[in-house]
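Protein chains: 4
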Amino acid sequence: MPAPGNITRVDFDKASSPINSLLTSYQQVRKQSEILCQKLEIEDYGIQTFEDVSPPKWHLAHVSWFFETFLLKPYVANYRIFHPEFAYLFNSYYETAGSFHPRPERGLLSRPTVKEVYQYRAYVDEHMNQLLTDWDHEQWRDIDSRTWVGIHHEQQHQELLLTDIKYNFAYNPLRPIYNPLHPTYETNKPSVRDLPGLRWIEFDEDLVEIGYKSDGFCYDNELPLNKVFLAPYKLASCLVTNGEFIEFIEARGYQTVRLWLSDAWKTLRTQNWRAPLYWEKSGGQWCYMTLSGMQEINEHAPVCHVSFYEADAYARWKGKRLPTEAEWEVAAKKIPITGNFLESGYLQPITVQANDKLAQMFGDVWEWTQSPYTPYSGYQPLKGTLGEYNGKFMSNQIVLRGGSCLTSKDHIRASYRNFFYPKDRWQCSGFRLAK
Amino acid sequence: MPAPGNITRVDFDKASSPINSLLTSYQQVRKQSEILCQKLEIEDYGIQTFEDVSPPKWHLAHVSWFFETFLLKPYVANYRIFHPEFAYLFNSYYETAGSFHPRPERGLLSRPTVKEVYQYRAYVDEHMNQLLTDWDHEQWRDIDSRTWVGIHHEQQHQELLLTDIKYNFAYNPLRPIYNPLHPTYETNKPSVRDLPGLRWIEFDEDLVEIGYKSDGFCYDNELPLNKVFLAPYKLASCLVTNGEFIEFIEARGYQTVRLWLSDAWKTLRTQNWRAPLYWEKSGGQWCYMTLSGMQEINEHAPVCHVSFYEADAYARWKGKRLPTEAEWEVAAKKIPITGNFLESGYLQPITVQANDKLAQMFGDVWEWTQSPYTPYSGYQPLKGTLGEYNGKFMSNQIVLRGGSCLTSKDHIRASYRNFFYPKDRWQCSGFRLAK
Amino acid sequence: MPAPGNITRVDFDKASSPINSLLTSYQQVRKQSEILCQKLEIEDYGIQTFEDVSPPKWHLAHVSWFFETFLLKPYVANYRIFHPEFAYLFNSYYETAGSFHPRPERGLLSRPTVKEVYQYRAYVDEHMNQLLTDWDHEQWRDIDSRTWVGIHHEQQHQELLLTDIKYNFAYNPLRPIYNPLHPTYETNKPSVRDLPGLRWIEFDEDLVEIGYKSDGFCYDNELPLNKVFLAPYKLASCLVTNGEFIEFIEARGYQTVRLWLSDAWKTLRTQNWRAPLYWEKSGGQWCYMTLSGMQEINEHAPVCHVSFYEADAYARWKGKRLPTEAEWEVAAKKIPITGNFLESGYLQPITVQANDKLAQMFGDVWEWTQSPYTPYSGYQPLKGTLGEYNGKFMSNQIVLRGGSCLTSKDHIRASYRNFFYPKDRWQCSGFRLAK
Amino acid sequence: MPAPGNITRVDFDKASSPINSLLTSYQQVRKQSEILCQKLEIEDYGIQTFEDVSPPKWHLAHVSWFFETFLLKPYVANYRIFHPEFAYLFNSYYETAGSFHPRPERGLLSRPTVKEVYQYRAYVDEHMNQLLTDWDHEQWRDIDSRTWVGIHHEQQHQELLLTDIKYNFAYNPLRPIYNPLHPTYETNKPSVRDLPGLRWIEFDEDLVEIGYKSDGFCYDNELPLNKVFLAPYKLASCLVTNGEFIEFIEARGYQTVRLWLSDAWKTLRTQNWRAPLYWEKSGGQWCYMTLSGMQEINEHAPVCHVSFYEADAYARWKGKRLPTEAEWEVAAKKIPITGNFLESGYLQPITVQANDKLAQMFGDVWEWTQSPYTPYSGYQPLKGTLGEYNGKFMSNQIVLRGGSCLTSKDHIRASYRNFFYPKDRWQCSGFRLAK
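Chains as they are written, first to last, in the numbering used here: chain A, 1 to 435; chain B, 1001 to 1435; chain C, 2001 to 2435; chain D, 3001 to 3435.
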């Protein structure tokens, strides 16, 4: 197990030579996962308080199973798997890779122990380190491209690891703390109301291309380039804030049926929603659970942990709408990728900064669009079992864009398409308005 | 109750003067609903064998409640409602019109009796007849437009009435017959294999407008006109047939996980799907339940009662895809609206006719597209409670186009957008391929 | 279908000769079932608003299936069954007689129609009438004993028919009326408080025998005679009344956890119990649904439609207990079988009469005992499929004694053991205290 | 945390002076709980794989909460509770002691950690040690009697701790081992078939008294003495063995509906029972999960982990029955309390020894009787919240007698009444026949 200590994010950037870069990136990402778990107690590794979250132990093992299954088994001669049952226990959803342990029961396994999972990681790393220096391997091209998928896959799970820990801790009446508040978090709150007014950034009618077109890494779902006609539109310069969302709550938005989609209203009633996830009112003051325990709400920070349904209802209340993913992407491609990512160490969205341009497009919160997650025209999934990575989820989900305060900076792109069900709220999801 | 007799469809066409037309159309549609029920036993009116279907009695009362609520109550001075509890019992889903009886429990009410429901219809008709000749009414414009909504609404329920009777009868081990086979149904099957080969109809890249742009009736969800860029595409000239779908079944399509979307596979396993709804294999021969009882499958007719998930899996198996709704609409606008509708009396899809053009675009089966049901850019729902008609269903559903063998011919348009959940199969839903 | 008319109960008593008696009793019981349905609408015959109730149509057909299966098929040469599917549709729970239609789905069948069910009854009656005059039949002994089972079985279903109609009608917001109030029901309420005080009737310690020991009909579960030691005990002379139960409600009995068994509390919370079944408070006045529609509660009548759990909690609140079935039976055997049965036409419990002896032991309400339903020592079920009649229910249920206002007078005995689950409330169940 | 080591059961017997005895017994029982957990991994302490089992951590904390709540808080002046949330987290079911954490969610709490739970135990022990030497305490009498309840309560949880660990480990595909097989377990199996034949031990008709009548400790449910009449009966000298139960399985007992009670059959079908819990057939050989991992079945050992429903079906198949609790107790009071208890270290039932007397009445397996768990005539629960200990469970459960291989020897008595639902199988439950 890694020695305990402060979470100080390793400096992590791709080196110049593509080959060095791959190995270094692999090693950095693997180390990062363990750093994120440094402050957990053994007991924290095993629990699953809700079907959609997974135990930290499971995340750590699953990402290793991914490398073992898609790299070591096919490309390392005479590779001996670490344990014959792990393929069953740590396959997430790859049906064509065999049967797997039921998702809602991931928290019911005390064995393998945490120690054994770290041994599994070390075993996989040892063999991956060898494979990634075997530059003459005749399938190097496949190894290279699959390893990059594995690296980005592990980054995705790092974000889930944190959202899942947050969910598990929020469930516990003792409300444990994952990490103390960032030292500058409080001072980050503007003491005077020097906040930007909302501005509407205009975009003309255009026939545009969306999708990824550089030569770095991207997922299959960002391809091929798609030509889309956009009517003129405007995007809000700022994300909707907690303070603004409180106005919606106080205007009885959660009780006003005409604001809600039909499926949204059913969900709201079944789950008894009255505020975003993790919000509680205590003595007249709204508070929320954070990775630093219960905190008073920062009214100037973007609202977070809302579902698509809530974002959509808020927009209807305001007489506005959510942007389409094409509208968002066109705007995002005009600005640099900067923002409040995992590396900042805040671990939650921060105050909206004064600015008359598009702000906080990247980082802070994943932004709900109004676009259902469907394939781009001409979409081709990856070959074989890895084709299950993205393609099979293209129904009933909604696209989110831009990354969050728990996303690694080098994981995000303007063309990046994240997706969750419209009812999901346990991710760092917020929104901005369009019209 | 209407006198029993044969189901002979009234000749039903809009007269020349718009005012005459409205009253005549109202009367014809109202009569049509009762004709469709002529052959039911009293007991058939009351049952609901599945949450998504409604008892015939409920349909008959609900469409009357619609006229009472949206026309008679607001526009007839001193109108006395027929029964104070009926607003609770026969409101379908208009939350802003008050609370309503739970949908899954519509089959648990023996009262009002069928006779009382027909009395309710007669009472509403009597007052509607008066209102629709009160041409000097100062709100005539609203009356006119709302009555047209009510007429088309009742036509929609006529189709549901038949699909729901089919579901209820298929559930019963006695397998009752709603109507005998149409006399020419059998001869309609080609005795020799003079069937058309599949042809691919090509369409060029284009920037098109979709939506309704004539001056007749359309629903709010067909507006406003939307400009959409289409890459070049091809549509299959024919619908996928039962015979072709049997090949998919025999190739173990229902057991091949990689063909299915993730949510599709969960549904398939939960509901134990192995063939389209109503199909049974009996002595090596595929049969299906029809409104004329159990029948051998016509291999040359379009496959029907498949979900979006099955259509999508079939398309993936063939290396093809489903069309988008824009692709379908562009093609449909080039051809006349003819086909096998309710008026033909077949009550089921018929054999694909030899043709090297687009065939069976209208009638026979609703065609699944790959397009999630979302608002057109600039969409405005109707004002007030009627705004719940379409807008609130714009999440998680998929667009179907073209009408079916149970749709009235004058109900359908090229721009008409029907929508169901991707798992739904009890409607007459089939599909054609695109690439 | 029988001609409509008033429910005037046929005079119904067993004739002198055992053979005449059988045929006459058969005919009277069969006629009685149809009389009980005279005032139903066709629609009322088909519904099932709750898993434990059955549609009236189903009851009428099931009791006929019983005679067809256990009498006509085995004992009538070349008997042709009425319809091959009816064995599947109308078998209740006889697993060894073949598979059967799922109980919760009995209300989903519009066919056979009510008319066809009456044809079925007529067909069975015609053949039974022949069989029951075939006195030289070599299996006459079996025919005789099984027919008596069938007769008593149909009487049981007559009671269920009424309790189920009551449940179905109470569910309907229109609150239909099955039969108007009995003309003397109101005058039956004492205008002055000339009611009996509760008296405790004492019984000495004794070694007693319980069970049936005459030569008439009894069920297998009343045999063989069982010797039981009873410590001294006292029984309340009266049943607990509605007025007394209101005191329990007003003392927050339903909110006081220590009064309730663990399983009782779970049930109470899951089902949100706050009063007996069918009770509603309207403008400060307790009312209840009856077979004559909603009525104000008669405070002097026995409380009815309470579960064992509620009876037990009330007794604990009073520092008393419920009697055991042996205690009840010993007392009941000392008094004649008189009371408010179906024949009185009240169809609900009536005011407790002044009396210093045990009152209302028979009729009015089934009395919960504290005895789980278990076999008497030496119990032998009937041979063959009929052995499923009673024996297989001997777990998890509680014995009730004495019959109710919906029981036929000639159906009940002091040794009669009825049984329901401790949570069941839709039967006419009340209780008296013991100590 | 206790130092790891072998599980060597402490010698544990009550000392002579009642006062010494209490403190010593307290200390020994407390130590015993920790010894039972010595070989667990931290991860094993937290999981709950099924609603009826609890995490080991929860058991350890709950029994401490019991002493804190019922002894320290009422009797120690100025006692400061260890943690304000623990009353919520570790109350099992005492409704009158406040609200509590939902039972099915006990496995979702990573905090308090195992270390903190051991700190809680130490804190409670420290204060209990003081209280139990405060012999002049004016409420010493209550302290003494409540502490004895707490001691026996902790012993009960020690048995549950082991059955729950077994369930959790059996769920895990890795099938962990709690403790290696006892060294003499294998040699304990008779190498030659020198096993006893079944003998029937006869008992005469008698009027007997059951219940506890010595001056040691007993639970409230064993009182007061109850006079019961018993007809002549016979008890099997031996428990039903695994080998005998295999005959039942092979005779298709699990497929023969007439052998099963109605509720039993529903349970069997819902849960897909085909053998006792933990049994698996592997290569033609029956195996079962034990606390020493998967093992071949010992055909000569008593069958274990069967529900009442299975015991009852087996008895019916044999034309026999289960004994009543009175029959069992009368027989048990004639013999000494010896057998295979926790102290033997086998941790599972052992081979039936040759003997022509009643064998294995105590230890090995809890024996299902046919008696529903009801109060003895005149039963009085303990005062206050402790009254919830036994009384509120007196519905729907069945009495078991005699203790098991996981019961402490000094915990059991001939009058001891254990109780579980008739469907429960995760306890060490078996049975013997009667007739």
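Even for Gly, the Cβ is constructed at its ideal location relative to N, Cα and C. Predicted, not measured: the structure shown is a model, and the values here were computed from it.
Same chain only: Cβ atoms within 7 Å of residue i, ignoring 5 sequence neighbours per side
i       : result
A/T147  : L22, Y26, L71, L132
B/N1242 : I1297, N1298, E1299, A1301, V1303
B/Y1079 : L1072, K1073, H1127
C/D2125 : R2030
Distance CB(residue i)-CB(residue j) smaller than 8 Å
i       : j       : result
B/L1162 : B/L1400 : no
A/N91   : A/Y219  : no
B/A1414 : B/Y1233 : no
D/I3398 : D/F3308 : yes
D/P3173 : A/E116  : no
C/D2052 : C/W2279 : no
D/T3374 : C/R2258 : no
A/F431  : A/A311  : yes
C/A2331 : C/L2235 : yes
D/Q3158 : D/S3033 : yes
is_contact[residue i, chain D] using C-beta, thresh 8 Å
i      : result
A/L433 : no
A/P104 : no
Within chain D, the residues that residue i reaches when beta carbons sit closer than 8 Å
i       : result
C/V1968 : The displayed coordinates of chain C run from 2001 to 2435. Any statement about residue 1968 of chain C would go beyond what the structure contains.
Cutoff 6 Å; reference residue i; Cβ partners in own chain excluding five residues on either side
i       : result
D/P3183 : none
Residue-level contact to chain C via CB, residue i, 8 Å cutoff
i       : result
D/L3277 : no
B/P1232 : no
Min CB distance residue i to chain A below 8 Å
i       : result
D/D3044 : yes
B/V1257 : yes
Any chain B beta carbon closer than 8 Å to residue i
i       : result
A/P372  : yes
C/E2084 : Note that residue 2084 of chain C is Pro in the sequence shown here, rather than Glu. Not closer than 8 Å to any Cβ of chain B, the Cβ of C/P2084 fails to qualify, so no.
Per-residue contacts from residue i into chain F (C-beta, under 7 Å)
i       : result
B/P1176 : In summary, chain F is missing from the structure at hand, where the protein chains are A, B, C and D.
Residue i: contacting residues in chain C (beta-carbon distance under 8 Å)
i       : result
D/P3349 : None at all; the shortest Cβ gap to chain C is about 25 Å.
Interface residues of chain A facing residue i [CB-CB closer than 8 Å]
i       : result
D/G3107 : I47, G107, L108
B/N1396 : D263, N396, P422
Neighbouring residues, chain D, relative to residue i (Cβ below 9 Å)
i       : result
C/F2393 : L3261, S3262, D3263
Cut-off 8 Å between Cβ atoms - residues of its own chain near residue i, not counting five sequence neighbours on either side
i       : result
C/V2114 : M2001, I2042, Y2045, G2046, K2057
Residue i CB to nearest heavy atom of the ligand ADP below 7 Å
i       : result
B/C1218 : Of the ligands one can find in the structure shown there are none, so the ligand ADP has no counterpart to examine.
Residues that residue i contacts on chain B, provided the C-beta gap is smaller than 8 Å
i      : result
A/L207 : L1207, F1229
Segment contact flag, the region 2372-2379 of chain C with the region 2313-2322 of chain C, C-beta cutoff 8 Å, min 3 pairs: no
Sufficient close CB pairs (3 or more, under 8 Å) joining the region 104-124 of chain A to the region 35-50 of chain A: yes
At least three beta-carbon pairs within less than 8 Å, the region 2339-2353 of chain C to the region 2298-2305 of chain C: yes
Three CB pairs or more closer than 8 Å across the region 137-152 of chain A and the region 65-83 of chain A: yes
Validate contact between the region 3360-3368 of chain D and the region 3332-3345 of chain D using beta carbons, cut 8 Å, 3 pairs: yes
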